[in-house]
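Undergrad: For the protein sequence lines, the chains are A and B, in the order given. Heads up, the first sequence stops at 251 in UniProt numbering, and the numbers go up one at a time, no gaps. Heads up, the second sequence stops at 276 in UniProt numbering, and the numbers go up one at a time, no gaps. Cβ atoms here follow ideal geometry from the backbone N, Cα and C, with glycine treated the same way. Pasting in a structure now, in structure tokens, and then I'll have a few things to ask.
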Amino acid sequence: MIEFIRQFFLDLYEVAPRWNFIFFHDPTQWERVVEGFWVTLQLSVACVIFSVLIGIVGAWAQGSPNRILRSVVQGYIQFFRNTPPFVQLLFFYFALGQFTPTYSPDGWLEVPIISNVGWAIISLSFFAGAFNVEIFRSGIEAVPGSTREAAEALGFSRLQTYIYIVFPLAFRVSLPALNNNLVNLVKTTTQALAIAVPELLYQFVGIWNDYPSAMYPSLTMVFVIYIGLVGILVFSMHRWEKAMRIPGYGQ
Amino acid sequence: MKKVLALSAAMLMASASIATAAQCTNDTWKKVMSRGKMVVGVKADYKPWGFRDESGNLVGMEIDMAKAAADAMGVEVELVPVQSSNRMQFLEQGKIDLMIATMSDRPDRRKIVGIVQPNYYTSGTNVMSPKALGLTKWEDLRDKPVCGKQGAFYNKIVTERYGAKVIAFTGNAEAKQALRDKKCIAWVYDDSSIGSDLSSGNWDDFEMPLSSEDDNPWGLAVPLAEKDCVFGNFMSGLSYNWLQNGQLIEWEKKWGIKATSFLADKKERFKDWLDK
């Protein structure tokens, strides 16, 4: 079967030199695609998890009685939401990268503790996290004040109210918007190309630079893979949304 | 069965290859002549072949070539800056009529664009690395991070041949910054370009320590369908003349490029047999 696929795309290349699906008949290029896919997957999963955590903590801090904490969160949102992720990546990697500790294996190289993949995860998580804070805020504001008061009357502290009452309700309301933002996040991982993170697009750009005839097939593959990746995310988020529905609540 | 499948799939997608099989229509030539202007794709970030001077104008050796080509056709010239990673598509899609953009003449590229013979220049692969490291041979790059630029064909070669870990950035500026930041031990690029960087005085702590490899001629390109037609033949003749009469050597001097034996050899080979 594999040999059949290989031969098919080789034949295709013979008749249509512009459609060289090289990664289907050259093992080295296939490895590049697989490698890129894994990096993209790691980036996506790590960024989704961290950005959601940032969103949860940030939304809680936003409602804090402490004014300083509130303004810190506000500053964070303004900074990360209002600047392009592309610029953030470059800034984090090149500018901040100067100040992180490094080690030197050979006397010249200064290998930073945080690699470019690390910076991409940090930068993209903070970027999407800023949106998530606002998304969760909208959910929290949708929880009726009386519910919160009822929790207080039962003797819950602010943190307990947040964890056990407000957040579980708010989370359900936030899910559709969160869904949107996470889809965006997965797509934004392609911008890590700017700091040479070997993710999917980086590998495909490399492939079509090495083999100009593979440009259209590479772009096609990129589309297909992202449709698949985002599709899986959207599907599971929808399932989750359904599973979390409380009968009678909000209907 | 295999053949049928391949053929049917190919027929769906092979519009480009059908165009190349057609007779000479000379579309590009006619288009250039009728509008009195030739659109040429050139580099804007590759000193001294194509770059912006202080007032923002595109200048350089290849810009001179573009202007000379337009002059020879008696038309005006419009310069369009292109990148290594998109220049072939610009030409293929008719956004430019001619491409003179430091492009190495590679077999796979000839299938996409009409690379005109004879080649007009050449460059090899080398690295810029800190003097402090004292690299002496290509093998020193093995398993070490080496900065590069996306779109360069030798990224693949140094990876496969010497096991270097190429970190390819979108632009030269990022790649060179990463070298300065000590994120890699060397920057792999064209020897001619590294040479002009080193002589700029901004890279005093760096050197070009290896012997250049994969000397690869550069070609200017016309749309593939025009290669064996009027436009391609015209540019072929022009390239030949530039090599034969030493025009390229003069441009090389004008732009302060280190003289290459390639141009001298070509001039010698194409020498007029009546000249004694």
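Does any C-beta atom of chain B lie closer than 8 Å to the C-beta of A192 of chain A?
TA: Here the question's residue 192 of chain A lines up with position 192 in the first sequence. No, A192 of chain A does not count as interfacial toward chain B.
Undergrad: Spell out whether any CB of chain B is found under 8 Å from the CB atom of D26 of chain A.
TA: Locating residue 26 of chain A in the first sequence gives position 26, where the first residue counts as 1. Output row for D26 of chain A: interface = no.
Undergrad: Cβ of D204 of chain B within 8 Å of Cβ of N126 of chain B?
TA: Here residue 204 of chain B refers to the residue found at position 204 of the second sequence. Here residue 126 of chain B refers to the residue found at position 126 of the second sequence. No.
Undergrad: According to DSSP, what are the bridge partners of R52 of chain B?
TA: Against the second sequence, residue 52 of chain B aligns to sequence position 52. In the DSSP output, where bridge partners are listed per residue, R52 of chain B has B:L58.
Undergrad: With a threshold of 7 Å (Cβ to nearest heavy atom), would Q29 of chain A be considered close to the ligand COA?
TA: This structure lacks the ligand COA; in fact it carries no ligand of any kind.
Undergrad: Do you know how far the Cα of F127 of chain A is from the Cα of V77 of chain B?
TA: For the purposes of this step, residue 77 of chain B is identified with residue 77 of the second sequence, where counting begins at 1. For the purposes of this step, residue 127 of chain A is identified with residue 127 of the first sequence, where counting begins at 1. Looking at the two C-alpha atoms, the distance is approximately 44 Å.
Undergrad: Is L98 of chain B closer than 8 Å to M38 of chain B when the C-beta atoms are compared?
TA: Residue numbering aside, residue 38 of chain B sits at position 38 when the second sequence is read from its first letter. Residue numbering aside, residue 98 of chain B sits at position 98 when the second sequence is read from its first letter. Yes, the pair counts as a contact, with Cβ atoms nearer than the cut-off.
Undergrad: Output, in sequence order along the chain, the residues in the region 203-237 of chain B whose CB is closer than 8 Å to any CB in chain A.
TA: Taking 8 Å as the Cβ-Cβ cut-off against chain A, none of the residues of the region 203-237 of chain B qualify.
Undergrad: At 9 Å on the CB atoms, spell out the chain B contacts of G97 of chain A, in chain order.
TA: Taking the first residue of the first sequence as position 1, residue 97 of chain A is located at position 97. Those within 9 Å of G97 of chain A in chain B are D181, K183.
Undergrad: Might you give, ordered along the chain, the residues of its own chain that have their beta carbon closer than 6 Å to the beta carbon of F204 of chain A, omitting 5 neighbours on each side?
TA: Here the question's residue 204 of chain A lines up with position 204 in the first sequence. So the list reads S218, V222, once near-sequence residues are dropped.
Undergrad: Interface residues of chain B around Y211 of chain A at Cβ under 8 Å?
TA: Here residue 211 of chain A corresponds to residue number 211 of the first sequence, with the count starting at 1. Going along chain B in sequence order, the residues near Y211 of chain A (Cβ under 8 Å) are D108.
Undergrad: Just the chain A side, please: which residues come within less than 7 Å of G85 of chain B by C-beta, in chain order?
TA: In the second sequence, residue 85 of chain B corresponds to position 85, counting from 1. According to the sequence shown, residue 85 of chain B is Ser rather than Gly. Under the 7 Å cutoff, chain A gives V205, N209.
Undergrad: Enumerate in chain order the residues of its own chain whose CB-to-CB distance from W208 of chain A is below 6 Å, with the five nearest sequence positions on each side excluded.
TA: Taking the first sequence and counting its residues from 1, one reaches residue 208 of chain A at position 208. Once the five neighbours on either side are set aside, the close Cβ partners of W208 of chain A are A214, M215, S218.
Undergrad: If you run the structure through DSSP and keep just helix, strand and coil, what is D190 of chain B?
TA: Counting from 1 along the second sequence, the entry for residue 190 of chain B is found at position 190. Residue state, collapsed to three classes: strand.
Undergrad: Under 8 Å, do V80 of chain B and V40 of chain B count as touching if we go by C-beta distance?
TA: Mapped onto the second sequence, residue 80 of chain B falls at position 80. Mapped onto the second sequence, residue 40 of chain B falls at position 40. Yes.
Undergrad: Just grab the DSSP bridge partners of A168 of chain B for me.
TA: Here residue 168 of chain B refers to the residue found at position 168 when the second sequence is read from its first residue. Answer is B:G148, bridged to A168 of chain B.
Undergrad: Can you grab the Cα-Cα spacing for the pair E31 of chain A / I2 of chain A, in whole Å?
TA: Within the first sequence, numbered from 1, the residue matching residue 31 of chain A stands at position 31. Within the first sequence, numbered from 1, the residue matching residue 2 of chain A stands at position 2. Roughly 15 Å separates the two Cα atoms.
Undergrad: Can you pull the chain B neighbours of W108 of chain A, defined as C-beta to C-beta under 8 Å?
TA: The residue labelled residue 108 of chain A in the question sits at position 108 within the first sequence. The answer, in chain order, is P130, A132, L133, K182, I185.
Undergrad: Would you say R6 of chain A faces chain B, with C-beta separation under 8 Å as the test?
TA: Indexing the first sequence from 1 puts residue 6 of chain A at position 6. Answer no: the Cβ-Cβ gap between R6 of chain A and chain B never drops below 8 Å.
Undergrad: Are the region 218-235 of chain B and the region 152-170 of chain B touching by the rule of at least three beta carbon pairs closer than 8 Å?
TA: They do not touch, by the three-pair rule.
Undergrad: Classify I227 of chain A as buried or exposed, calling it buried when 16 or more other Cβ atoms lie within 10 Å of its own Cβ.
TA: As a working mapping, residue 227 of chain A is identified with position 227 in the first sequence. Label assigned to I227 of chain A: exposed.
Undergrad: For Q244 of chain B, which residues of its own chain have a beta-carbon under 6 Å away from its beta-carbon, when the five flanking residues on both sides are left out?
TA: Looking up residue 244 of chain B in the second sequence gives position 244. Taken in chain order, the residues that qualify are F270.
Undergrad: How is S261 of chain B classed by DSSP in three states: helix, strand or coil?
TA: For the purposes of this step, residue 261 of chain B is taken as the residue at position 261 of the second sequence. S261 of chain B falls in the helix class under three-state DSSP.
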